[in-house]
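Below is one structure, written out as structure tokens; comments come after it.
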Amino acid sequence: RDLHSFPTRRSSDLKGEDIDGGLLADPYFAQVIGAAIIQDGIAVSFVDRVRVLNPLALFHALRFFREPTTQIHQAILTSIDEWLADPETHTSKHSHLRWAVLAALSETESSKVVQFVKKFNTYAWTAWQALFRNGDLIGGINLCLDVEPGVGAPWRDRQIEHAKNKFGANLRAAVDRLLRQTNNEPAVRVGALRLAGYLADPQLAEAVEVSWNTDSAKGDHLEAYLWAAAQCCGNNPERFLGPVCDAWAALSDQRSDDSHPSPREDFAANRVRWAFHKDVPVSAIPYFVKRGQSEDLRWPIMHMLHGIDHPDAVEFVALELASIERRIEGQNRFSPYTNMAPDEWRRRQEEMGRPMSQVSRGRLLALWQNQNGEKHLRKQAFRLWAASELDGDIEILRAVDPSDLLAEKALWERVARADRTAVPSLLVQLQGNWSAPWWRLSGLVWSTPLSLALDQELERRRALPAAKWSQSSDLDYALAELITDHPEIEGEPLLVKHWDHVQFSLLFVQAALFLATPRLLAMAKAAIEAAPEPRKMFEHITMHYGINVKGRPGITRRSQLDALIPYLDYLDEMRIHDLWRLCNKRGWFDFRRQHFDSRLGDRFKRAHTDEARSMESLDQLTANNNIHWIDRWIEDYLETGATLDQIMGLIGKWLATRKTINAMRLAAAALVHSGRRSDIDLLDVDVEPKDVAAVLRADTEFA
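Here the sequence shown is numbered in the numbering used here, starting from 1492 and rising by one per residue.
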């Protein structure tokens, strides 16, 4: 109630200075108090009381009024100066308070901010943000140094965009002047180059060039130059990017061993590449494509451009992938790189919701639809195109002629997109020698004709030579996976009908246990008892069940776990751990405690199966100085079904028995991460040295 009505209902209290001190001192209300004290009629003397009890409120008041126009505004600025001049302000007791103040300043636009920030003894990213937001270039430089361009940081990007919009030409001119200076510290130079890249202004290209020409350590800053020159090169990329790429090509192409790339290969394979994915250097792409024709940088540039959403880039990558496939054709070899190349785009759509753009896919579409095009290029262009899925794909795929060299690939993509009109052609593929992958895919378009085909496939299996116990083919893997993953498939009658021959395969026995009907459980039990090595019937069972396998549902019913209880002695510790985690994920905590906690081996004995192990793990965090991992420790504990009350109670009990300052620091970090005000009392433990403990308590209470 106080939070929402403070500025109006409490105004009379503020004027009379009789507001409750506890409420006034509460940092939770700092923003509201800051808004309230700048109302008309507030006594100037009241500002000093706020400074003593809740100085954070003063900075929020500044955030609201920005520039002083009244007596109360001036009083607030004076009080802020007094607070910043007080030596106690900069002690450990107020660490979290200072962080909160800087956070408030990072959102404040005022001519007073820069002078206030510079009175802090230490800087954090919030300090750089506050400076940059208010026109101090060093703040922008340090923001760019703290987080390099290839790292996703929305807060940094928002701040830079704000500065571009607010300061415009003035910001560009300041960066230009800085880059032209010959006596810059290396860190300042790198920060300025990164910032220039974010500004992406062609008017900065010459300044980047001047910096390059005067930088005696340019080889150490090559990534920053490539980023800045690519973003700022405008209509003359050869002039501004050429020298940087020449230096790149001059890096050693010798690998230290087979598992590590050469310096030349590694240079733009990660950080710069990710930066270009996020901020595509449109003007530089044609130059990179041209430069990539030369042998010295062909592979490095192809790898750098892979994943960049630009039509020239995707075409260049398709051409290079085709070249690789052409070179190894007929040599009984394959390229892992070309095999996995489409995964980049597939992940981007699945995990980030960012499919390849229509314009880039349009370039690839023209390449693979060209009937006169070279076959390897058509294949690679199709694979890259198909890695993203957009409306209209199915109609395009249906138009592929059955005689086309891409007909089979087009059919695969139709089925993958759940095109049920593809079933007749799919049935033909299921009769071929390489039917296992098609069977796995068929669940997406399941229908009566496919049910009949599955029955016929199992019937053909009966005619094969009798298999030894536990032996399974690729087709067995596919069929068993199909039966377990798709409830719409009537698995029980199929397994019963063909049990006489499938019972010798661990895959189908595991499938029977997975379906967990009474009849199948009895049949599986008999098969397991008859097996010469029953333990082998459970090899890799959690993987076969689809547990922790992307795209597969895994176990979804408690009865499926009940079916495994009689056989837990046959499961190795890895499988037990998989099921232990599954129970946590599904919320089956009582079941887990009853059946799996006691079976976890030392390798997977999680910290949170009992109180003793949990305390032991807290000891390890303090001993290894890993206090910052307490957030993950709490999250892991919560996943086991424990409540926050239980976790905080255990931490309090642990602290009361250890009574060390390091233990208190860990408990304090836990409180800051997940604690509630009712938990603060757990720090009321006698710990030496007492003065350090008191400071830690006060700082934690504020946080």
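In this text, a Cβ means the ideal position worked out from N, Cα and C, and glycines have one as well.
Note that the coordinates shown come from a computational prediction; the quantities given were computed from them, not determined experimentally.
Asked                                                                                                                       : Found
Assumed close pair L1902, S1879 - CB separation to whole angstroms, cut-off 8 Å                                             : The Cβ separation is near 18 Å, so there is no contact.
Contact under 9 Å by Cβ, A1526 with H1564                                                                                   : no
Rounded C-alpha distance that separates E1948 from H1867                                                                    : 34 Å
Rounded separation between W1960 and A1813 - CA only                                                                        : 44 Å
Beta-carbon gap between C2074 and L2091 smaller than 9 Å                                                                    : no
Alpha carbon of F1767 to alpha carbon of P1752, nearest angstrom                                                            : 20 Å
The region 1712 to 1722 / the region 1769 to 1782 touching (three or more Cβ pairs under 8 Å)                               : yes
Between the CA atoms of A1741 and K1870 - distance to the nearest angstrom                                                  : 34 Å
I2223 vs Y1968 beta-carbon contact at 9 Å                                                                                   : An answer regarding residue 2223 cannot be provided, because it is not within the stretch 1492 to 2194 covered by the chain.
Unbroken alpha helix (DSSP H) run spanning P2255, endpoints                                                                 : Residue 2255 is absent from the structure shown; the chain starts at 1492 and stops at 2194.
Buried/exposed call for H2099, threshold 16 Cβ in 10 Å                                                                      : buried
R2188, DSSP secondary structure in three states                                                                             : helix
Separation of G1934 from V1681, as counted between CA atoms                                                                 : 53 Å
Outcome for C2056 when other beta-carbon atoms lying within 10 angstroms are tallied against a minimum of 16                : Here residue 2056 is Ile; the residue named in the question, Cys, does not match the sequence. Label assigned to I2056: exposed.
Coil, strand or helix - I2138 by DSSP                                                                                       : helix
Exposed unless 16 or more other CB atoms sit within 10 angstroms - verdict on F1825                                         : exposed
DSSP three-state assignment for Y1778, whether helix, strand or coil                                                        : helix
Status (buried if at least 16 other CB within 10 Å, exposed otherwise) for P1438                                            : Since the first residue of the chain shown is 1492 and the last is 2194, residue 1438 is not available in this structure.
Within 9 Å, strictly: CB atoms of T2134 and M2106                                                                           : no
Cut-off 6 Å between Cβ atoms - residues of its own chain near D1910, not counting five sequence neighbours on either side   : I1885
Rounded Cβ spacing between L1670 and A1687 (contact assumed at less than 8 Å)                                               : 7 Å
Residue burial classification, N1545 (beta-carbon count within 10 angstroms, cutoff 16)                                     : buried
Distance between T2008 and K1988 (C-alpha atoms, nearest Å)                                                                 : 15 Å
Three CB pairs or more closer than 8 Å across the region 1626 to 1645 and the region 1698 to 1709                           : no
Chain-order list of residues whose beta-carbon lies under 8 Å from that of S1942 (same chain, five-residue window excluded) : I1980 and E1981
Within-9 Å CB hit, W1790 to chain B                                                                                         : Annotation note: the requested chain B is absent from the structure, which comprises a single protein chain.
Residue closest to R1838, alpha-carbon to alpha-carbon, out of A1877, R1817 and V2183                                       : A1877
Stretch-stretch touch, CB-based, cutoff 8 Å, three pairs: the region 2061 to 2068 with the region 2025 to 2038              : yes
Proximity below 9 Å, CB of L1662 to CB of L1628                                                                             : yes
Residues of its chain near Q1920, where Cβ-Cβ distance is below 8 Å and the 5 sequence neighbours each way are ignored      : E1899, L1902, S1926 and W1929
Own chain residues within Cβ distance below 8 Å of P2044, not counting five before or after                                 : D1976 and G2037
Within 9 Å, strictly: CB atoms of L1763 and G1641                                                                           : Before going on, a small fix: residue 1763 reads as Val here, not Leu. Result yes, Cβ atoms of V1763 and G1641 sit closer than 9 Å.
Nearest-angstrom Cα separation, counted from D1787 out to A1843                                                             : Checking the sequence shown, residue 1843 turns out to be Met, not Ala. Between M1843 and D1787, the C-alpha separation is close to 34 Å.
Buried/exposed call for Y1519, threshold 16 Cβ in 10 Å                                                                      : exposed
Cβ pair R1540, L1515 closer than 9 Å                                                                                        : yes
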